[in-house]
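Chemist:
In mature numbering (1 follows the signal peptide of the UniProt record, and there is no 0), the protein residues as written are -23 to -1, 1 to 510.
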């Protein structure tokens, strides 16, 4: 009894009958190698999607519901395991070897995984070795009284390694043939930038050779750890940064040339704004890769900032779906989409931003000033978000969380004294060539959409913000032509998001604006000299 459901028609909770489940398991578990039976899609599930035994059953149900697919499954760590591992490591540094067993986070991790294994009726041996190795690692950290970035990456890798082992064992138990893979053992080759490594080109042929070769020899659903790689020089485990499992999924999709990449989250796709800021946010049905990349970079938590690059290069559609609500259509991300009637796609907020105004009275006619400024940022390893220039000044925005620490994940904002120490060093270096004004507690509001219509977007945005009494301190348009960023004070940012969302996505007046745009697009354009004010 074959089950052939389309994604949009999948039930909210997949309760397969005994006969249907058995048929689906037989289809997936007894895959042949002939004809077109090749791996077809990537299905990536985030931490909340596999946070418990019940959630793992739901994910298995999703896979069983589509027996015509031949998925590669990519998993994150269970729930908040990554955060717990980091906290456990930090506590181990100062607790002493004999007190490691008392670390609360370590016990929470152990209890969660043992409980999950027991509720899925799996033997404890599935994760017994991993838990033993993890405890020994924590004792080693306690003995050395330090936690390096390299050790941190190895520490957090246990989350994905355990979740994939449990899930693969469960699929095999219910009759779906599956095989677990650690990404760092199948060809994910990265730089040695622990905590935020980049995937190298050698990864693609290596991953394709391993996964495709194993599939041909002995077909089984690959269950792959997200987020992880292996440093090409050190040979040590590396991590890809927060949300790196998305990048794992798109890398596999490109390596194997698959039909589609599915990213299953705990939201109904990409939204018009953060629903935690403004609950009237709605799902964006379609995005381009460029729009998705800008959304991710400027703060949207749905996707990893670098994850769109492999999909774009391989021209593979990415579908963002909700594992808690499979009926929701989600968001489809492709290379191109109809943009003629698009004004704005989404509004993204990036808080706790630092702004630097860098002024040189000698800039007029002084060659190389920009190069000198950005060479300082490069030497200090600092990434710049937005840039605006005039004849005598440069304004840039920086993310303090990337200044004071380059560690993988921050549990909270950096202590003020640490932020100030690092920022003081940045300012000190810049003051050797210019006068520098440091402005903290700012926020970037990014307007993602059809920036070719920037005049309408800016006109409406400034009308809205003027009515709200908000002063825009800087404007920057991205080279991608899909992003326009406004910098305001942090205390006003959420108020701005609400007002802008109402104006662009809820007010009827936007219909008239669209008509104006359609008429304007038929009028020959004049060449305009853009000035920064």
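C-beta: ideal position from N, C-alpha, C; glycine also.
In three-state terms, what does DSSP make of residue 292?
Modeler: Three-state DSSP puts residue 292 in coil, outside helix and strand.
Chemist: What three-state label does DSSP hand residue 186 in the structure shown?
Modeler: Three-state result, residue 186: helix.
Chemist: Across which residues does DSSP place residue 22 in a beta bridge pair?
Modeler: Answer is 52 and 241.
Chemist: Taking Cβ to Cβ, would you say residue 159 is nearer than 7 angstroms to residue 202?
Modeler: Closer than 7 angstroms, so yes.
Chemist: Would you say residue 101 touches the ligand ADP, meaning its beta carbon is less than 6 angstroms from a heavy atom?
Modeler: Absence of the ligand ADP from the depicted structure is noted, as is the absence of any ligand whatsoever, leaving it without description.
Chemist: Would you list the residues sitting across from residue 176 in a DSSP beta bridge?
Modeler: Paired residue(s): 167.
Chemist: Just curious, the alpha helix (DSSP H) that residue 475 is in, first and last residue?
Modeler: Note, residue 475: alpha helix (DSSP H), 467 to 478.
Chemist: May I ask you to report which of helix, strand or coil DSSP gives residue 333?
Modeler: The answer is strand: DSSP assigns residue 333 an E or B state.
Chemist: Is the number of C-beta pairs between the stretch 93 to 100 and the stretch 137 to 156 that are closer than 8 angstroms three or more?
Modeler: The stretch 93 to 100 is in contact with the stretch 137 to 156.
Chemist: Given residue 412, which residues of its chain have a CB within under 6 angstroms of its CB, disregarding the five upstream and five downstream residues?
Modeler: Around residue 412: 336.
Chemist: Just how far apart, CA to CA, sit residue 295 and residue 418?
Modeler: Computed Cα separation, rounded: 35 angstroms.
Chemist: Pairs of beta-carbons, one from the stretch 293 to 309 and one from the stretch 261 to 268, closer than 8 angstroms: are there three or more?
Modeler: Touching, yes.
Chemist: Can we say the stretch 229 to 243 touches the stretch 269 to 288, given the rule of at least three CB pairs closer than 8 angstroms?
Modeler: Flag = yes, the stretch 229 to 243 and the stretch 269 to 288 touch.
Chemist: Output the distance between the C-alpha atoms of residue 11 and residue 192, rounded to the nearest integer angstrom.
Modeler: Confidence is the limiting factor: at residue 11 the pLDDT is only 35, short of 50, which leaves the residue's position unreliable, though a coordinate-based value still follows. Rounded to whole angstroms, residue 11 to residue 192 spans 11 angstroms at the Cα level.
Chemist: Just to confirm, are residue 235 and residue 36 a CB contact at a threshold of 7 angstroms?
Modeler: For residue 235 and residue 36, no; Cβs fall outside 7 angstroms.
Chemist: Out of 196, 208 and 171, point me to the one whose CA is closest to residue 179's CA.
Modeler: Of the candidates 196, 208 and 171, the one whose C-alpha sits nearest the C-alpha of residue 179 is 208.
Chemist: Just the Cα atoms here: how many angstroms apart are residue 466 and residue 370?
Modeler: Going from the Cα of residue 466 to the Cα of residue 370 covers about 20 angstroms.
Chemist: Does DSSP classify residue -1 as helix, strand or coil?
Modeler: Caution is warranted here: a pLDDT of 48 is assigned to residue -1, below 50, making its placement in the model unreliable, and no coordinate value can be reported.
Chemist: Could you tell me the boundaries of the beta strand (DSSP E) in which residue 156 lies?
Modeler: Residues 155 to 158.
Chemist: Spatial neighbours of residue 200 within its chain, please: CB distance less than 6 angstroms, with the 5 preceding and 5 following residues excluded, ordered by chain position.
Modeler: Counting only Cβ-Cβ distances below 6 angstroms, and skipping sequence neighbours, we find 50, 141, 144, 145, 155 and 157.
Chemist: Could you tell me whether the stretch 162 to 173 touches the stretch 210 to 220, where touching means 3 or more Cβ pairs closer than 8 angstroms?
Modeler: The stretch 162 to 173 is in contact with the stretch 210 to 220.
Chemist: My understanding is that residue 301 touches residue 223, with C-beta atoms under 8 angstroms, so please give their C-beta distance in whole angstroms.
Modeler: So it is not a contact: roughly 18 angstroms between Cβ atoms.
Chemist: Reducing DSSP to helix, strand and coil, say where residue 427 ends up.
Modeler: Coil, per DSSP.
Chemist: At a cut of 8 angstroms, does the stretch 49 to 69 reach the stretch 323 to 333 through at least three beta carbon pairs?
Modeler: No contact exists between the stretch 49 to 69 and the stretch 323 to 333.
Chemist: Identify every run of the beta strand (DSSP E) within the stretch 44 to 106, keeping only runs that are complete inside it and at least 3 residues long; order them along the chain.
Modeler: You should have 48 to 52.
Chemist: Taking residue 545 and residue 322 to be in contact with their CB atoms under 8 angstroms, please state how far apart those CB atoms are, rounded to whole angstroms.
Modeler: Nothing can be reported for residue 545, as the shown portion of the chain is limited to -23 through 510.
Chemist: In chain order, which continuous runs of the beta strand (DSSP E) of length 3 or greater are located wholly inside the stretch 209 to 284?
Modeler: You should have 214 to 216, 237 to 242 and 263 to 265.
Chemist: Under 7 angstroms, do residue 350 and residue 364 count as touching if we go by C-beta distance?
Modeler: Contact: no.
Chemist: Quick test of your reading: residue 55 and residue 24, contact by CB under 8 angstroms. State the CB separation rounded to the nearest angstrom.
Modeler: Residue 55 to residue 24, Cβ: 6 angstroms. Contact.
Chemist: I need the boundaries of the beta strand (DSSP E) containing residue 362, first residue and last residue.
Modeler: Segment 361 to 366, the beta strand (DSSP E) holding residue 362.
Chemist: Tell me, please, which residues DSSP counts as bridged to residue 460.
Modeler: Answer by DSSP bridge pairing, in chain order: 425.
Chemist: Between which two residues does the alpha helix (DSSP H) carrying residue 124 extend?
Modeler: First-last for residue 124: undefined, no H or E at that position.
Chemist: Please classify residue 419: does DSSP put it in a helix, a strand, or coil?
Modeler: Residue 419: strand per DSSP, three-state reduction.
Chemist: Determine, using beta carbons only, whether residue 298 and residue 241 come nearer to each other than 7 angstroms.
Modeler: Yes.
Chemist: Per the DSSP calculation, residue 139 is bridged to which residue(s)?
Modeler: Answer by DSSP bridge pairing: none, since residue 139 is not bridged.
Chemist: Measure how close the beta-carbons of residue 425 and residue 459 come, nearest whole angstrom, since I'm counting them as under 8 angstroms.
Modeler: That belief holds up - the Cβ atoms of residue 425 and residue 459 are roughly 6 angstroms apart, short of 8 angstroms.
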